[in-house]
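Colleague: Sequence lines, in order, name chains A and B. Counted the way the numbering used here counts, the first sequence spans residues 1 to 262. Counted the way the numbering used here counts, the second sequence spans residues 1001 to 1477. Every residue, glycine too, gets a C-beta built ideally from N, C-alpha and C. From a predicted model like this one, the values you see are computed outputs, not experimental measurements.
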Amino acid sequence: MDPSSSKRVGLFATCLVDLFRPSVGFAAVKLLEDAGCTVSVPSQTCCGQPAFNSGDQADARALALQVMDSFANCDYVVAPSGSCAGMMAKHYPELFEGDPELQRRARAFAAKTFELVSFLTDVLGVTQVRASFPRTVTYHDSCSGLRELGVQAQPRKLLASVDGLELKEMKDSDVCCGFGGTFAAKFGEISGAIVERKTVDIIGSGAPVLLAGDLGCLMNMAGRLSRQGRAIEVRHVAEVLANMTDTPPIGAPAEKSAEKTA
Amino acid sequence: MSVHANPTSPHFKDNAHKALGDPQLQQAMGKLRIGFTAARAASAARLPEFEALRDSARDIKNHTLANLDLYLEAYEKKVVEAGGHVHYARDAAEARKIILDICKEKGAKTVAKGKSMISEEIALNEALDAAGVRPIETDLGEYIIQLRGEIPSHIIGPAVHLTKDQIEAEFRKAHTHLDKDRNLEEPTSLLAEARGVLREKFLSADIGLTGANFLIAETGSSVIVTNEGNGDLSQTLAKTHIVIASLEKIVPTLEDASQLLRVLARSATGQELSVYTTFSTGPRRDGDPDGPQDYHVVLLDNGRTSMIGTEFQEMLRCIRCGACMNHCPVYHAVGGHAYGWVYPGPMGAVLTPSLIGVEKGGLLPNASTFCGRCEAVCPMRIPLPKMMRHWREREFERHLTPSVQRAGLGAWAFFARRPALYRLATRIGMGALGFMGRNKGRFSKLPFASGWTQMRDFPAPEGETFQAQWKRERGGR
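(1) Quick one: residues in its chain with C-beta nearer than 6 Å to the C-beta of Pro93 of chain A, no 5 flanking neighbours on either side, listed in chain order?
(2) In chain A, what lies closer than 9 Å to Glu1314 of chain B by C-beta?
(3) Give a yes or no on whether the minimum CB-CB distance between Val77 of chain A and chain B is below 9 Å.
(4) For Lys1115 of chain B and Val24 of chain A, I'd like the C-alpha separation in whole angstroms.
(5) What are the boundary residues of the beta strand (DSSP E) that includes Arg1415 of chain B?
(6) List, in order along the chain, the chain B residues whose C-beta lies closer than 8 Å to that of Arg227 of chain A?
(7) At 3 residues or longer, what runs of the beta strand (DSSP E) sit wholly inside the stretch 90-175 of chain A?
(8) Indicate whether at least one CB of chain A lies closer than 9 Å to the CB of His1017 of chain B.
(9) Just to confirm before moving on: does the CB-CB distance between Pro1329 of chain B and Gly223 of chain A stay below 9 Å?
(10) Any chance the stretch 1289-1303 of chain B sits against the stretch 133-151 of chain A, with 3 or more Cβ pairs inside 8 Å?
(11) From the DSSP output, in three-state form, read off Val1243 of chain B for me.
(12) If you measure beta-carbon to beta-carbon, which residues of the stretch 15-33 of chain A are closer than 7 Å to chain B?
(13) Evaluate Lys1445 of chain B with the Cβ neighbour count: other Cβ atoms within 10 Å of its Cβ, from every protein chain shown; 16 or more gives buried, anything less gives exposed.
(14) Quick one: what's got a C-beta closer than 8 Å to Glu239 of chain A's C-beta in the same chain, skipping five residues either side?
(15) Locate the alpha helix (DSSP H) running through Phe1279 of chain B, then write down its first and last residues.
(16) Does the beta carbon of Asn220 of chain A come closer than 9 Å to any beta carbon on chain B?
(17) Residues of chain B with a CB under 7 Å from the CB of Leu63 of chain A: which are they?
(18) Using a cut-off of 7 Å between C-beta atoms, extract the partners of Leu1203 of chain B located in chain A.
(19) So what does DSSP say about Asp1294 of chain B, is it helix, strand or coil?
(20) Count the other C-beta atoms from every protein chain shown that fall within 10 angstroms of the C-beta of Met1436 of chain B, then say buried if there are 16 or more, exposed otherwise.
(21) Out of B:Phe1171, B:Glu1142, B:Ile1136, B:Val1275, which one is the CA nearest neighbour of Leu1238 of chain B?
(22) On the three-state DSSP scale, how would you describe Val1111 of chain B?
(23) Got a sec: is the Cβ-Cβ distance from Asn73 of chain A to anything in chain D below 9 Å?
(24) Out of curiosity, what's the CA-to-CA distance linking His1177 of chain B and Arg1392 of chain B?
(25) Go ahead and pull the three-state DSSP assignment for Thr264 of chain A.
(26) Tell me Tyr76 of chain A's beta-bridge partners as DSSP assigns them.
(27) Leu19 of chain A bridges to which residues according to DSSP?
(28) Kindly list the residues whose CB is nearer than 7 Å to the CB of Ala1194 of chain B, restricted to its own chain and excluding five residues on each side of it in sequence; keep chain order.
(29) Give me the Cα-Cα distance between Ser1119 of chain B and Val1111 of chain B, rounded to the nearest whole angstrom.
(30) Throw me the rounded Cβ distance for the Gln152 of chain A and Val117 of chain A pair, which I believe falls under 8 Å.
(31) With DSSP collapsed to three states, give me the class of Phe187 of chain A.
(32) Tell me which same chain residues have a C-beta within less than 8 Å of the C-beta of Leu1100 of chain B, skipping the five on either side of it?
(33) Out of B:Leu1433, B:Arg1033, B:Glu1314, state which residue places its alpha-carbon closest to the alpha-carbon of Leu1384 of chain B.
(34) Given a limit of 9 Å on CB to CB distance, which residues of the stretch 175-195 of chain A reach chain B?
(35) Which residues, in order along the stretch 1369-1385 of chain B, keep a beta-carbon less than 8 Å from a beta-carbon of chain A?
(36) Does DSSP put Arg1487 of chain B in a helix, a strand or coil?
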């Protein structure tokens, strides 16, 4: 691809990926670079969603401004998360209602912000990836990506191009896993009951691998499955699409995964 | 004191804990979770213009709310022209008094009631009982919960929290005059038994009281939809018919009501229309074969007009179909009674703080994962998660957010707003956590995360943060 036309993509890794699973960040970088983008990782902390959803508008606005400043020079902002991308693309403009100048900025920022997989397919026109994963997987549709951004067909389309991969849909793949950000901490027992219900459908699919596009949901489902003693492997969809599945699955120790993938 | 007067909403977590440990409730909720969602999906899919109808329904109500005063006046005029009476009640106490006064004037001993959530909202049954007037619930679900002394757990299925076996046991306990060996295995036999018991009560009731799904300004009519026909008997057989409705039930025209009816039942039960849709306009006219001699409408405000012009105005579009709760993972998990007052689920989480105050109802809008399924199915396109968030903002502004939660959020925001400090702190923190979790890849217990680890493990971080690795490998580009 002609470097002069290369799209300058700022990767918003999301705080969960930054802190807990950097390998998802590197998988996202690989997918974007393979598609011809020039990727940068501007200084970042969090998109502000926890503050926004807790009613703390002041901190949410401050963080939104911080993100918008930091990514000002990027043509696109891409996040491996429907939840954080939804915050930036759908809710940043709401945060500045009553301030036309900042709202205009937030709208412009929102317009260049995308969730990773839908950015690959819908903006870059990627139709297939070079990856091999000869396993049966099931895919959970994370709520924000699905209902705020319409991410549903895109990951399935790219997964279909992965060598050897078979997708077995679970029942009610579009029903919430019970994570809900701070909800999982504030209402741990209810959240636990909802994810318990979710694992019935995950297990019911018969697939030994669970994929999704949001690390929060993945940590929630992986946490419940491991508490149940289930050996279902849980990964971010970007890891599979980027052919980067050597890292241990979410919540698994290093050695175990080496045996599995060997 | 009853839940009506003394909401248990502040104890939502305790209520939820009990609900999660109640096997019969969990069994009943499992059925609801599957039944209603499938029915609604099939029904919406069968109608190509369903999405367009939702837009139109939203627009009708928005227009009505923008001109509510005009339509209320027009409606009142039409009711009076038809020979009926309109009473305005500012709050629950006024509404109860108006109804009790009518009962007193008529010397009423019994009131046959169609299903009405507004009657629940104003705790009418207790007031009637206290005044020596017997309220008789004629909707099967309401009848069952009246036997049990409960409030509805769902706005269209008051008894959805019960299993068939529980209902059968309740009937055998209450209907002691009936044959012990009768078959009550099927819902239809339960319905037949309730009908048998209720039939004579319809005939002897002094007053029939119903709610209203819509009030039509153009004609002065009230509309109810039922599947049992009990509302029709309640309002037609008694000499006096009282309609109790909140004032946002108004719609401009018959045509508007017809459009809203097209989304109501489809969203609620998946039916194209409810079995009975009944329009009532004033009392019996000369030459009418039946109908009441007196027709009263009690219009309840109870805080609704103060929602107009606020970020909660859109809530007043609600037509009480119940789709939001039918699709809510939290409602599925804990049932309606956990919400602690009259209105459960997502619509209740928005409406309850408006009606009983955010001090008492403030936990409810927090009890949502913001999965957005409620908004996705709401026939009136009410942005329920957005309005729950507005309640959280009001709580936060007024420092009603629990202090531990506020402190945690504050500490997190402190670092998040200082990127360099954040990188330093997270680099150290994740390094340590990653090291500690290396062998198992997860933690089964973590300080400050008991809410999480009670039910699930906490996956360990890989160790080095993404930003640190990126800087090391790519020089921080």
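Modeller: Looking at the atomic coordinates:
(1) Gln103, Ala106, Arg107, Ala110
(2) Neighbours of Glu1314 of chain B on chain A: none; closest Cβ ~14 Å, over 9 Å.
(3) no
(4) 53 Å
(5) Reading off the sequence, residue 1415 of chain B comes out as Phe, not Arg. Element bounds for Phe1415 of chain B: not the beta strand (DSSP E) but the alpha helix (DSSP H), 1403-1416.
(6) Ser1444, Met1455, Arg1456, Asp1457
(7) 113-115, 136-140
(8) yes
(9) no
(10) no
(11) strand
(12) Val17, Asp18, Leu19, Phe20, Arg21, Pro22, Ser23, Gly25
(13) exposed
(14) Ser23, Val24, Ala27, Thr245, Thr247
(15) Per DSSP, Phe1279 of chain B belongs to no alpha helix (DSSP H); it is in the beta strand (DSSP E), 1276-1280.
(16) yes
(17) Ala1416, Arg1417
(18) Per Cβ cutoff of 7 Å: no residues; Leu1203 of chain B is ~46 Å from chain A at best.
(19) strand
(20) exposed
(21) The sequence shown places Ala at residue 1238 of chain B, not Leu. The shortest C-alpha separation from Ala1238 of chain B is found at B:Ile1136.
(22) strand
(23) You won't find chain D in this structure, because its protein chains are A and B.
(24) 52 Å
(25) With chain A represented from 1 up to 262, any question about residue 264 of chain A goes unanswered, as that position is not in the structure.
(26) A:Val9
(27) Answer by DSSP bridge pairing: none, since Leu19 of chain A is not bridged.
(28) Leu1140, Tyr1143
(29) 12 Å
(30) Actually they do not touch by this definition, with Cβ atoms about 10 Å apart.
(31) coil
(32) Ala1127, Leu1128, Ala1131, Val1133
(33) B:Glu1314
(34) Val175, Cys176, Cys177, Gly178, Phe179, Gly180, Gly181, Thr182, Phe183, Ala184, Ala185, Lys186, Phe187, Gly188, Glu189, Ile190, Ser191, Gly192, Ala193, Ile194, Val195
(35) Thr1369, Phe1370, Cys1371, Gly1372, Arg1373, Glu1375, Ala1376
(36) Nothing in the structure corresponds to residue 1487 of chain B, since chain B is present only between 1001 and 1477.
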